[in-house]
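What follows is one structure encoded as C-alpha cells, with my remarks underneath.
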Amino acid sequence: MLKIHSLLFIICAVLTLTALQAAAQTDKDAQPATNSTLNNVRLPAGALRVNDRSVPAEIRDTLSKLIALGGEKVRQGESEVLVWTGGFRNSNRTQFVRKFTESLQTGGWTYAVSEENPEFTVFSSVNAAERRGIMGFWTAKDDFLMLAWTEMLPINSPNNASSKPDNLPANNQTRPNATGSDGSAKVVNVEKNQLSINVMGNEMPPMPEFPALAPKPNRVRGYVKDWTGKPLANAAIGIRASYFAGHYSGAQGTTDAKGYYEFVVPKGSAHFYNAGYQIEWGDGVAAVSLHPADGKLDSFTTVDGAVENFVMLPYGITSRENLQESSHLPSTFYGGAIFLNWYSAEANNDSAPPFAVREGAMLEVTLTPEGKMFNGTAGQTIVIRTTLGMSGSFRIHNIPLGRYRISVKADGKSLKIKDNKSYEPMFGMTPVEAIGEASLLFVPDTAKASMVGPAFGGWKWVSLNVSTP
C-alpha cells in the first residue's frame, strides 16, 4: 500500500476550495455521465463529468502527486473528475460509496482505501485481468461529492496517444493516419502504440439549408432538421440564463411538426444547455445530441434574443475545441464508440497465460453493416488494422451509426470477444460472448432528449474484452 501521509497537507489545503469550485462550475462546465471514461464502470446516479479545461489546477496537481508516490516505475495516464450535486447528501456518503464499490467489483476492479478521514478518502483500484491500476480520492460536503481519479501506468508503457487528437494535421482536424480501399471496405491503418482512432477523420455529413430568421427580443427560435433536411418534431431545446450573483434560471421548448421552436427565455446572459432528439434504437430508444448548424454555440444576452438552428448527424466531430481537449472521449463524436481491452503479453514471454494477446500481433477489427444504417444507406464495411504494443487497450471512435457484425482477429486468427456489459442488456454485443463474429449495437448514454447537451456525443463505449481462445 502506498504511503499517503506526505500528501495530507496538500490535500487538506486545497480540496475544500477546489471541490467547491468544481461543483459551482457544473452548470456550464460539466455534462451528465453514466459510466466512467477510465474503466467504463457504472457511476452512481446524478454524476456530472467536469470538462477537462475546467478542472482546477490544484486537483490536477494532487492527482499527479498521488501517482508520484508510486515511485519511478509508474507514470500518470488519463484522469477524470466527477461531481454529484443536488440529490447527494453527506449523510448518505457511506451508502453512495458502497454502490460505487459494487460497480467496480462488477467490472472486475478492486477497491482499497489508502487513507481516510472526515474530509477525504484516498483509494486505489486494480483490474488484474487487464493489468490496469487507478488512484484517486473522494471529498464530500453537505450537498455535494467530488471524485477525482487517474490511471497509473508502467513507466515503459507507450505514451497515451488518446491524450491528444489522433495525428492532428495542420488544419487542426483529425484524420486516420492511413486510409485505403479494400473492395468496398474502408480500411483504416493505425500506427503501433496509437491508442485510439477516429475512423471518419475530418469528414462531416452535409448540412441542410435553413430559412433566414431574425432574432426576437427575449426569445430564442430556430429549426431542427436531420442531415438530409428532414424537419424533426419534438426535439428538446433548453436555455439557461444567469442574471444575478451566479443564480441560474432556465426555459425549455420543443419543435413542432415543421421542426420549428420558439420560446421566451429568462432575463440575463444565456447559453444552450440542452439540444436533443429521441430516436428508435434497436428494441429501445436513444437520445442523440444536436449539432449547431453554424458549428458554434455562443452565449447571448436574452434581451437581444437569438437564432440557432440544429442538425442531427449520424457521425462527425462535435467541435474542434472538444476534439483538441478530449479526443479520447466518445462524447467528442456523434458516431458510435468501441473500447477493446485484453491481457497483453510480450511476444517472447513463455509464462504468459494462454488467453493473452501477444505484442507485435496484427490486430484487425472488421465492422460489417447489418441491414440499412441509421442514415438509410447500405453503409460501408470498416476495417481497422494496427500492430499491437503493450497497452492492452484500444478505442475506436466516430463509427457511423447503425448495427454491425464485428469480428476481431490477431495475425489472422479469430479472437474470443466478450461484452463487459452489466446494465444495458438491450444494447451492446449479441451474443455476449463469441469466437468469430457477433452482432453489435451502440449503447446510448440516455433515453431522454431533455437530458442531452448540444454538440455532445450521446454514446457510451461498447466495452469488449478480447482474448486468445
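Counted the way mature numbering (1 follows the signal peptide of the UniProt record, and there is no 0) counts, the sequence shown spans residues -24 to -1, 1 to 445.
By construction, the Cβ of each residue, glycine as well, lies at the ideal position given by its N, Cα and C atoms.
Here the structure is a predicted model, which is why all the values come from computation and not from measurement.
Asked: Own chain, CB closer than 6 angstroms to LYS162, minus 5 neighbours either side, in chain order; Found: GLN356 and ILE358
Asked: Residues near ILE131 in its chain [Cβ-Cβ closer than 7 angstroms; skip 5 each side]; Found: GLU48, LYS49, VAL50 and ARG51
Asked: 8 angstroms Cβ shell around THR10 - same chain, five flanking residues per side excluded; Found: ARG18, LEU19, ALA23, ASP421, THR422 and LYS436
Asked: Beta-carbon separation (whole angstroms), VAL73 vs TRP125, contact threshold 8 angstroms; Found: Going by Cβ atoms, the distance from VAL73 to TRP125 rounds to 13 angstroms, so no, they are not a contact pair.
Asked: Rounded Cβ spacing between PHE186 and ASN285 (contact assumed at less than 8 angstroms); Found: 4 angstroms
Asked: Beta-carbon separation (whole angstroms), ALA282 vs LYS243, contact threshold 8 angstroms; Found: So it is not a contact: roughly 14 angstroms between Cβ atoms.
Asked: C-beta contact flag for ASN174 and ASN374 at 8 angstroms; Found: yes
Asked: Boundaries of the beta strand (DSSP E) in which residue 477 is found, first to last residue; Found: Since the first and last residues shown for the chain are -24 and 445, residue 477 lies out of range.
Asked: ALA269 versus ALA414 - alpha carbon distance; Found: 36 angstroms
Asked: Cα-Cα separation, MET103 to LYS75; Found: In the sequence as displayed, the identity of residue 103 is Asn instead of Met. Distance between the alpha carbons of ASN103 and LYS75: 18 angstroms.
Asked: Spatial neighbours of SER55 in its chain, beta-carbon cut-off 6 angstroms, leaving aside the 5 residues before and after; Found: LEU39 and THR126
Asked: Three-pair Cβ contact test at 8 angstroms for the region 383 to 390 versus the region 337 to 344; Found: yes
Asked: Segments assigned alpha helix (DSSP H), at least 4 residues, entirely inside the region 16 to 63; Found: 33 to 44
Asked: Touch test, the region 245 to 253 against the region 392 to 407, Cβ-Cβ under 8 angstroms, three pairs minimum; Found: no
Asked: Anticipated Cβ contact below 8 angstroms, ILE110 with MET128, distance rounded; Found: 6 angstroms
Asked: Beta bridge counterpart(s) of TRP437 as assigned by DSSP; Found: ALA313
Asked: Simplified DSSP state of residue 467, which is helix, strand or coil; Found: Lying before the first or after the last residue shown, residue 467 is absent from the chain, which here runs from -24 to 445.
Asked: Rounded straight-line distance, which links the Cα of SER225 to that of GLN149; Found: Residue placement at GLN149 cannot be trusted, given a pLDDT of 34 that sits under 50; what the coordinates show is reported in the next sentence. Cα to Cα, the separation comes out at about 36 angstroms.
Asked: Alpha-carbon to alpha-carbon, ASP232 and GLN81; Found: 46 angstroms
Asked: For VAL438 and GLU91, the rounded distance between their alpha carbons; Found: 34 angstroms
Asked: Nearest-angstrom Cβ-Cβ length linking ALA337 and LEU364, presumed shorter than 8 angstroms; Found: 5 angstroms
Asked: Strand pairing of TRP203, partner residues [DSSP]; Found: Paired residues: none, contrary to the question.
Asked: C-beta contact flag for GLY258 and MET349 at 8 angstroms; Found: no
Asked: For HIS267, the residue or residues it bridges with in DSSP; Found: VAL287
Asked: Cβ shell of LYS394 (< 6 angstroms), same chain only, five flanking positions each side left out; Found: GLU409 and ASN441
Asked: For PRO301, three-class secondary structure by DSSP; Found: The sequence as given places Glu at residue 301; Pro does not occur at that position. It is helical.
Asked: Through-space distance from LYS41 to THR35, alpha-carbon basis; Found: Here residue 35 is Ile; the residue named in the question, Thr, does not match the sequence. In a straight line, the C-alpha of ILE35 is about 10 angstroms away from that of LYS41.
Asked: Opening and closing residue of the beta strand (DSSP E) in which SER101 lies; Found: 96 to 103
Asked: PRO306 in three-state terms, based on DSSP; Found: helix
Asked: Rounded distance between the beta-carbons of GLY260 and ALA211, thought under 8 angstroms; Found: Actually they do not touch by this definition, with Cβ atoms about 19 angstroms apart.
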